[in-house]
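Working notes, beginning with the structure itself.
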Amino acid sequence: MYKSIKKIELHLHLDGCVRIDTACKLLNQTNLKDDMVVDSSNSNLSEYLKKFDIPSLVMQTQQNLTLISKELIEDLKKDGVIYAEIRFSPLLHTKNGLSFKQIIDSVLEGLKDDFVKTNLILCMMRNATKKENLKVIEAASDYLGKGVVGIDLAGDESKYPTSSFTDLFNRIHDLHIPLTVHAGEAASYTNIETAIDYHAKRIGHGIRLIDNIELLNKVKKKGITLEVCLTSNVQTKATPSYSLHPIKELVKQGVLVTINTDNRTVSNTTLSHEYELLNQYFGFSIQDFKTLNINAIQASFLSPKEKIELLKKIS
-8 MYKSIKKIEL HLHLDGCVRI DTACKLLNQT NLKDDMVVDS SNSNLSEYLK KFDIPSLVMQ
52 TQQNLTLISK ELIEDLKKDG VIYAEIRFSP LLHTKNGLSF KQIIDSVLEG LKDDFVKTNL
112 ILCMMRNATK KENLKVIEAA SDYLGKGVVG IDLAGDESKY PTSSFTDLFN RIHDLHIPLT
172 VHAGEAASYT NIETAIDYHA KRIGHGIRLI DNIELLNKVK KKGITLEVCL TSNVQTKATP
232 SYSLHPIKEL VKQGVLVTIN TDNRTVSNTT LSHEYELLNQ YFGFSIQDFK TLNINAIQAS
292 FLSPKEKIEL LKKIS
């Protein structure tokens, strides 16, 4: 029912979308599902992130990076996605000696498509050194407007507080690179406040915002948009269940919300499935989904002209 809706996705990790059969073929294995997809026994974000070990193994050559990116485009097309901002960290793909340029160019090559428009967000990693993350910032600056539209801070939020990265946030701001930050998922809402105080335009996940009305009002006033990932939040135990997820209350309170898959393979989901869940648990309607997609277009890191073009397509 929901596949026919033209969709926008802003929070999507390339390495969380590697097809299982592709990984099996590249590693000469027969069954890697248990290693790549979370199940109900997953207890936290740290466990969830272990499912990225196999993707990391296969994403170390230019050929594989292009193949995986091309297959993601095919999957997005089947799901009715017409624009996606796809994020990944080039730091994770240098184990066999690839340069950042080789890595980014290979991904951009695979993402070329006439139907699905895409851009990249480069991820700094919470567990990386400052020098390594500065290299990501430099790459984002070099490619800004050439397939890259922003920077993210990703990784295990519970182990590395957002306040540790303020020097990097200031550098990003000085270079006028749009910023989104994973915050308020596996740790306190205070990480959200740090991120927006250091110029984040969007917050990845951000559902702990519901815990502090003062900060919620600050987010509303600043026009900050949340990149909510329903299924992923349940799987990482950021929320105890679908029915107790705060997305409906956040929308009711007037927070700008978008809906995303986070990791299509790891979470075993699609945007169409996320829409089904939102309808099942919260009664979201077709009009609600249109509003979510309008939010996503307005919050995207596209130019005003490109946003108008997308708005025309979904109307």
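Letter by letter, the sequence shown follows residues -8 to 306 of the numbering used here. Cβ coordinates follow ideal geometry from the N, Cα and C atoms, glycine included.
Burial state of E76 (16 or more Cβ within 10 Å): Locating residue 76 in the sequence shown gives position 85, counting from the first residue. Buried: at least 16 other Cβ atoms inside 10 Å.
Would you decide whether N118 is buried or exposed? Buried here means 16 or more other CB atoms lie within 10 Å of its CB. Reading the sequence shown from its first residue, position 127 is the one you call residue 118. Classification of N118: exposed, given that the 10 Å Cβ count is below 16.
Which parts of the segment 85 to 158 are runs of the alpha helix (DSSP H), unbroken and 4 residues or longer, counting only runs that do not cross its ends? You should have 91 to 102 and 121 to 134.
Exposed unless 16 or more other CB atoms sit within 10 angstroms - verdict on F106: Taking the first residue of the sequence shown as 1, we reach residue 106 at position 115. So F106 counts as exposed.
Apart from the five residues just before and just after S179, which ones in its own chain have a Cβ nearer than 7 Å to its Cβ? Counted from its first residue, the sequence shown places residue 179 at position 188. Apart from sequence neighbours up to five positions away, the residues of its chain that approach S179 with a beta-carbon distance below 7 Å are R199, ordered along the chain.
How long is the line joining the alpha carbons of I288 and I250, rounded to whole angstroms? Counted from its first residue, the sequence shown places residue 288 at position 297. Counted from its first residue, the sequence shown places residue 250 at position 259. Using only the alpha carbons, I get a separation of about 12 Å.
I112 and V127 look like a contact to me (Cβ under 8 Å); what is the Cβ gap, rounded to whole Å? As a first step, residue 112 must be located in the sequence shown, where it is residue number 121. As a first step, residue 127 must be located in the sequence shown, where it is residue number 136. In fact, because the Cβ distance is near 11 Å, the residues do not count as touching under 8 Å.
Taking only runs that begin and end inside the segment 190 to 249, name each unbroken alpha helix (DSSP H) of 4 or more residues, in chain order. Complete alpha helix (DSSP H) runs here, min 4: 204 to 213, 221 to 226 and 238 to 243.
Got a sec, what are the start and stop residues for the alpha helix (DSSP H) K(-3) sits in? Counting from one through the sequence shown, the residue named residue -3 turns up at place 6. Per DSSP, K(-3) belongs to no alpha helix (DSSP H) and is neither H nor E.
Exposed or buried, what is D30 when buried is set at 16 or more other beta-carbons lying within 10 Å of its beta-carbon? Along the sequence shown, read from residue 1 onward, the residue named residue 30 stands at position 39. D30 is classed as exposed because its beta carbon has fewer than 16 other beta carbons within 10 Å across all chains shown.
Go through its chain and collect everything with a Cβ distance to G146's Cβ below 7 Å, but skip five positions before and after it. The count along the sequence shown starts at 1 and reaches residue 146 at position 155. Closer than 7 Å at the Cβ level, and outside the excluded window around G146, lie M116, R117 and N118.
Between V242 and the rest of its own chain, which residues show a CB-CB distance below 6 Å, the 5 nearest in sequence each way excluded? Here residue 242 is taken as the residue at index 251 of the sequence shown, counted from 1. Cβ within range, chain order: V248.
Can you tell which of K69, S80, L135 and I64 has its C-alpha closest to the C-alpha of D104? Within the sequence shown, numbered from 1, the residue matching residue 104 stands at position 113. Per the Cα distances, I64.
Taking G138 and L99 to be in contact with their CB atoms under 8 Å, please state how far apart those CB atoms are, rounded to whole angstroms. As a position in the sequence shown, residue 138 is number 147, starting the count at 1. As a position in the sequence shown, residue 99 is number 108, starting the count at 1. Contact check for G138 and L99: beta-carbon distance about 5 Å, within the 8 Å limit, so the pair qualifies.
Compute the Euclidean distance between the alpha carbons of L102 and S60, then round it to the nearest angstrom. What you label residue 102 is simply residue 111 of the sequence shown in a count that begins at 1. What you label residue 60 is simply residue 69 of the sequence shown in a count that begins at 1. C-alpha of L102 to C-alpha of S60: approximately 6 Å in a straight line.
Go through its chain and collect everything with a Cβ distance to Q226's Cβ below 8 Å, but skip five positions before and after it. Taking the first residue of the sequence shown as position 1, residue 226 is located at position 235. Cβ within range, chain order: V29, N33, Y39 and S258.
Meets three-Cβ-pair contact criterion under 8 Å: the segment 10 to 28 and the segment 261 to 271: No, the segment 10 to 28 does not touch the segment 261 to 271.
When you compare the CB positions of E123 and E148, do they come within less than 7 Å of one another, or not? As a working mapping, residue 123 is identified with position 132 in the sequence shown. As a working mapping, residue 148 is identified with position 157 in the sequence shown. No. Outside cutoff.
Reduced DSSP secondary structure (H/G/I, E/B, other) of F280: Reading the sequence shown from its first residue, position 289 is the one you call residue 280. Here F280 sits in helix by DSSP.
Using 8 Å as the threshold, is the segment 4 to 13 in touch with the segment 288 to 299, meaning 3 or more CB pairs across them? Not touching, per the Cβ criterion.
Quick one: what's got a C-beta closer than 7 Å to Y272's C-beta in the same chain, skipping five residues either side? As a first step, residue 272 must be located in the sequence shown, where it is residue number 281. Here the set comprises Y233 and S234.
Does the segment 50 to 58 come close enough to the segment 150 to 164 to have 3 or more Cβ pairs within less than 8 Å? No, because fewer than three Cβ pairs between the segment 50 to 58 and the segment 150 to 164 fall closer than 8 Å, the two stretches do not touch.
Hey, would you say the C-beta of N118 is under 6 Å away from at least one heavy atom of the ligand NAD? Annotation note on the ligand NAD: not contained in the displayed structure, which lists no ligands.
Backbone secondary structure at Y266 - three-state DSSP: Stepping through the sequence shown from its first residue, residue 266 is reached at position 275. Correct three-state label for Y266: helix.
Of all the options T57, I285 and Q278, which has the alpha carbon lying nearest to the alpha carbon of H84? For this step, residue 84 is matched to residue 93 along the sequence shown. That would be T57, whose Cα lies nearest to the Cα of H84.
Rounding to the nearest angstrom, what Cα-Cα distance links S223 and D253 in this structure? Here residue 223 corresponds to residue number 232 of the sequence shown, with the count starting at 1. Here residue 253 corresponds to residue number 262 of the sequence shown, with the count starting at 1. Distance between S223 and D253, taken at the CA atoms: about 7 Å.
In the DSSP assignment, find the unbroken beta strand (DSSP E) run with L170 in it and report its ends. To locate residue 170, count along the sequence shown from 1; it is residue 179. Residues L170 to A174.
Please look up how many angstroms separate the CB atoms of I299 and N284, rounded, as I've assumed it's under 8 Å. Residue 299 sits at position 308 when you count from the first residue of the sequence shown. Residue 284 sits at position 293 when you count from the first residue of the sequence shown. Contact flag wrong, Cβ pair sits at about 14 Å.
First and last residue of the uninterrupted alpha helix (DSSP H) at V49: The residue labelled residue 49 in the question sits at position 58 within the sequence shown. Here the alpha helix (DSSP H) through V49 covers D44 to V49.
Reference P231, options I(-1), K(-6) and N35, closest by Cα: In the sequence shown, residue 231 corresponds to position 240, counting from 1. Looking at I(-1), K(-6) and N35, the one whose alpha-carbon comes closest to that of P231 is N35.
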